[in-house]
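A quick write-up on the structure given underneath.
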Amino acid sequence: MPIYEYKGETMPHQISRRSFLKGGLAAAGALAASSVPAAAVSADGHGHLATLLDISKCIACGACVEACRETNQHKHPEPQKPFPKMIPARAKNVDWSDKRDVDDRLTPYNWLYVQSTYVEHEGEEHEVNIPRRCMHCTNPPCVKLCPFGAAEQLNNGIARISDSLCMGGAKCKTVCPWKIPERQSGVGLYLDLLPTLAGNGVMYKCDRCYDRLAQGELPACIEACPEDVQSIGPREDIIREAHELAEEMGGYVYGEKENGGTNTIYVSPVPFEKINQAIEKGKGKPHLKPVKDHMADGNNLAAALAIAPIAGIAAAVGKFYKMTT
Amino acid sequence: MKENSIQAKPDSKTAFWYLYLASVVMLAFSGFGQMPLYKRYYIADIPGMAWSADFYTTHLVHYIFSALLIGLASYAVFHHVLTRKKSVALTTSGYVRSVIVAGLLFSGLLLVTYNFSGVSLPMWAAATLLFTHVGFAMALIVAGLVALIGRKPWLKAI
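Here the protein sequences line up with chains A and B, keeping their order.
The first sequence maps to residues 1 to 325 in the working numbering.
The second sequence maps to residues 326 to 483 in the working numbering.
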């Protein structure tokens, strides 16, 4: 396993299930325990950990989906019924609690699913399977624009929603370029405030097993994958390795630039435009289109906020000068 | 005396007053629009108001009118210091509203900073900052209404 010094600590370039198992569980556990959290304070400016998904390896076995559901079961909602009557009626209760087994889309109980399709590229038909979940954007709109501060970006780049603070207004879903978070009504803080008039449950999505990472363990989907589809490591290493892999296979990269950059990098042997055309898209089934940086317009406009006081002061000085002369 | 006439007709009918009113009204509207209210409560269904349900648009509108308010606040402070500090002073209502506007701008600028890539806050800090900002906004609305009903000007002649 390639090792290098990282902010004074020894850590692996990246960790996959195979490398985790290779060194023996105990040794790998100790390594992961010392290394994964260390990456959470890495020095690339963000300290983000990213995942690399080589989708040429994915066979859609569903092990990652199953592992995610089992590992995160304790975080899944247990709603109180009957749900509060919503006013106005336009606000609808959303209930997935009787459909917990749905695994062909994202739901509050299914934070990861596998999109499968066939794509013809350069005269060859490719079976393409893509594990889909939150992209964990480097500047996540779901976190930055939540009006209640109910979401946070951890130092290691994980975007997570607090089920104790979230009101279920679904703004995070609206502003998410991939519409990832899913709502469950009948649970959360809104029940204690104005349940009929404000809020509508809690939004759920992949938190990349932040609690496991904090304990030095791999996210469940990475650990469970028998094909080593995913690996995790400091973002700059993952980006470099994604490009090396893409070059090796004559493939394509998705997630590096989308929405200003994400911490989920896909590498595919076929263009993502073709995959996007072929996959089933819609509710709970995200696209794979190019995505502009949604936070950029606002952040560019922030320059106007810096100029505004100068303009104000100039006007006051101008008026003073006019009066004195 | 000119300043006394300003006090008698408190800051009204000046370009500054209209711009301040426009910025405060639009900031309040776009600010509350950061919560998912306008679609749920049919505001966005009013012809010409569909934009109010687009969070990115209301976000930009909030930034634009924040720039206006910052410009006006800077102008007001420097204009006061340079030309009026010997003739007029803040009333109690004016002082309270100035402190609230300062708090609003400061917390708002922290939120602008938070929106940049590479800046993150613990959940408790982000929530505290957001609710502080909303608190200042509510306080300014209340202080503005009290001043309007009680006909309390910002300034008084010395």
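The beta-carbon is built from N, C-alpha and C at its ideal position, and this holds for glycine as well.
Original post:
By the 10 Å Cβ neighbour count, where 16 or more other Cβ atoms means buried, how is residue 192 of chain A classified, buried or exposed?
Top reply: With fewer than 16 Cβ atoms within 10 Å of its Cβ, residue 192 of chain A is classed as exposed.
Original post:
From A:148, A:246, A:165, A:224, pick the residue whose C-alpha is nearest to that of residue 71 of chain A; which is it?
Top reply: Selection A:148, A:246, A:165, A:224 evaluated against residue 71 of chain A yields A:224 as nearest (Cα-Cα).
Subject >> For residue 70 of chain A, three-class secondary structure by DSSP >> reply: In the structure shown, residue 70 of chain A sits in a helix (DSSP, three-state: H, G or I).
Original post:
Among residues of its own chain, excluding the 5 on either side of residue 356 of chain B, which ones have a beta-carbon nearer than 7 Å to its beta-carbon?
Top reply: Cβ within range, chain order: 387, 462.
Subject >> Coil, strand or helix - residue 56 of chain A by DSSP >> reply: The answer is coil: DSSP assigns residue 56 of chain A none of H, G, I, E or B.
**OP:** Report the three-state DSSP secondary structure of residue 81 of chain A (helix, strand or coil).
**Re:** Coil at residue 81 of chain A, not helix or strand.
Original post:
When we look at the beta-carbon of residue 153 of chain A and count the other beta-carbons within 10 Å, is it buried (16 or more) or exposed?
Top reply: Within 10 angstroms of the beta-carbon of residue 153 of chain A lie 16 or more other beta-carbons, which makes it buried.
**OP:** Please classify residue 327 of chain A: does DSSP put it in a helix, a strand, or coil?
**Re:** Missing from the structure shown is residue 327 of chain A; chain A here goes from 1 to 325 and no further.
Original post:
Relative to chain B, which residues along the region 162-173 of chain A have a C-beta separation below 9 Å, given in chain order?
Top reply: The region 162-173 of chain A vs chain B, Cβ under 9 Å: 162, 165, 167, 169, 170, 171.
**OP:** Measure the C-alpha to C-alpha separation of residue 475 of chain B and residue 349 of chain B and round it to an integer number of angstroms.
**Re:** Roughly 19 Å between the two C-alpha positions.
Original post:
In the structure shown, what three-state DSSP assignment does residue 147 of chain A receive?
Top reply: Looking at residue 147 of chain A - three-state DSSP - the assignment turns out to be coil, as it is neither helix nor strand.
**OP:** Work out the CA separation of residue 146 of chain A and residue 295 of chain A for me, nearest whole Å.
**Re:** Approximately 13 Å, taken between the alpha carbons.
Original post:
In chain order, what residues of the same chain lie with their CB nearer than 6 Å to the CB of residue 358 of chain B, ignoring the 5 residues before and after it?
Top reply: In the same chain as residue 358 of chain B, and ignoring 5 residues on each side of it, the C-beta atoms closer than 6 Å to its own belong to 377, 383, in chain order.
**OP:** At 8 Å on the CB atoms, spell out the chain B contacts of residue 323 of chain A, in chain order.
**Re:** Within 8 Å Cβ-Cβ: 408.
Subject >> Runs of beta strand (DSSP E) lying entirely within the region 399-465 of chain B, each at least 3 residues, in chain order >> reply: Within the region 399-465 of chain B, the runs of beta strand (DSSP E) that reach at least 3 residues and sit entirely inside it are, in chain order, 413-415.
Original post:
Is the CB of residue 158 of chain A under 8 Å away from at least one CB in chain B?
Top reply: No, its Cβ sits nowhere closer than 8 Å to a Cβ of chain B.
Subject >> Contact list for residue 193 of chain A against chain B, beta-carbon separation under 9 Å >> reply: Under the 9 Å cutoff, chain B gives no residues; its nearest Cβ is about 13 Å from residue 193 of chain A.
Original post:
DSSP on residue 309 of chain A, reduced to helix/strand/coil?
Top reply: Note: residue 309 of chain A maps to helix in three-state DSSP.
**OP:** Report yes or no: do the region 163-183 of chain A and the region 453-473 of chain B share at least 3 C-beta pairs separated by less than 8 Å?
**Re:** The count of Cβ pairs closer than 8 Å, one atom from the region 163-183 of chain A and one from the region 453-473 of chain B, stays below three, leaving the stretches out of contact.
Original post:
Which one of A:136, A:137, A:151 has the shortest CA to CA distance from residue 143 of chain A?
Top reply: Nearest neighbour of residue 143 of chain A by Cα position, chosen from A:136, A:137, A:151, turns out to be A:151.
**OP:** Flag this pair as yes or no: are the beta carbons of residue 180 of chain A and residue 106 of chain A separated by less than 8 Å?
**Re:** Annotated as proximal: residue 180 of chain A and residue 106 of chain A, with beta-carbon spacing under 8 Å.
Subject >> Pairwise C-alpha distance: residue 447 of chain B and residue 210 of chain A >> reply: Their backbone Cα atoms lie some 14 Å apart in a straight line.
Original post:
By the 10 Å Cβ neighbour count, where 16 or more other Cβ atoms means buried, how is residue 417 of chain B classified, buried or exposed?
Top reply: Residue 417 of chain B counts as exposed, since fewer than 16 other beta carbons sit within 10 angstroms of its beta carbon.
**OP:** Whole angstroms is fine: what's the gap from residue 47 of chain A's alpha carbon to residue 131 of chain A's?
**Re:** Whole-angstrom Cα-Cα distance: 24 Å.
**OP:** Please list, in chain order, all residues of the same chain as residue 270 of chain A whose beta carbon is under 6 Å from its beta carbon, the five residues on each side excluded.
**Re:** Taken in chain order, the residues that qualify are 119, 121, 126.
Subject >> Residues bridged to residue 481 of chain B [DSSP beta-bridge criterion] >> reply: DSSP output for residue 481 of chain B lists B:414 as bridge partner(s).
**OP:** Just confirm the distance between the C-beta atoms of residue 458 of chain B and residue 436 of chain B, as a whole number of angstroms; I'd bet it's less than 8 Å.
**Re:** Between residue 458 of chain B and residue 436 of chain B, the beta carbon gap of about 6 Å places them in contact (Cβ cut-off 8 Å).
Original post:
Which residue comes first and which comes last in the alpha helix (DSSP H) that contains residue 184 of chain A?
Top reply: Annotation: residue 184 of chain A is outside any alpha helix (DSSP H); the continuous beta strand (DSSP E) that includes it extends over 182-184.
Original post:
In chain order, what residues of the region 193-216 of chain A put their CB closer than 7 Å to some CB of chain B?
Top reply: The residues in question: there are none.
Original post:
What runs of the beta strand (DSSP E), each 3 residues or longer, lie entirely inside the region 212-245 of chain A?
Top reply: Entirely contained in the region 212-245 of chain A, the beta strand (DSSP E) runs reaching 3 residues are, in chain order, 230-234.
Original post:
Beta carbon of residue 308 of chain A, beta carbon of residue 432 of chain B: below 8 Å?
Top reply: Using a Cβ distance threshold of 8 Å, residue 308 of chain A and residue 432 of chain B do not count as a contacting pair.
Subject >> Cβ-Cβ separation, residue 157 of chain A to residue 49 of chain A (assumed contact under 8 Å), whole Å >> reply: Confirmed, Cβ separation roughly 6 Å.
Original post:
With a CB to CB cut of under 7 Å and the five nearest residues on each side skipped, what residues in its chain are close to residue 104 of chain A?
Top reply: The residues are 113.
**OP:** Compute the beta-carbon to beta-carbon distance between residue 397 of chain B and residue 312 of chain A, rounded to the nearest angstrom, for a pair I have assumed lies under 8 Å.
**Re:** The Cβ separation is near 6 Å, so the contact holds.
Original post:
What is the DSSP secondary structure of residue 367 of chain B, reduced to helix, strand or coil?
Top reply: In this structure, residue 367 of chain B counts as coil in the three-state DSSP scheme.
**OP:** Report the rounded CA-to-CA distance for residue 302 of chain A versus residue 59 of chain A, giving the unit in angstroms.
**Re:** Looking at the two C-alpha atoms, the distance is approximately 46 Å.
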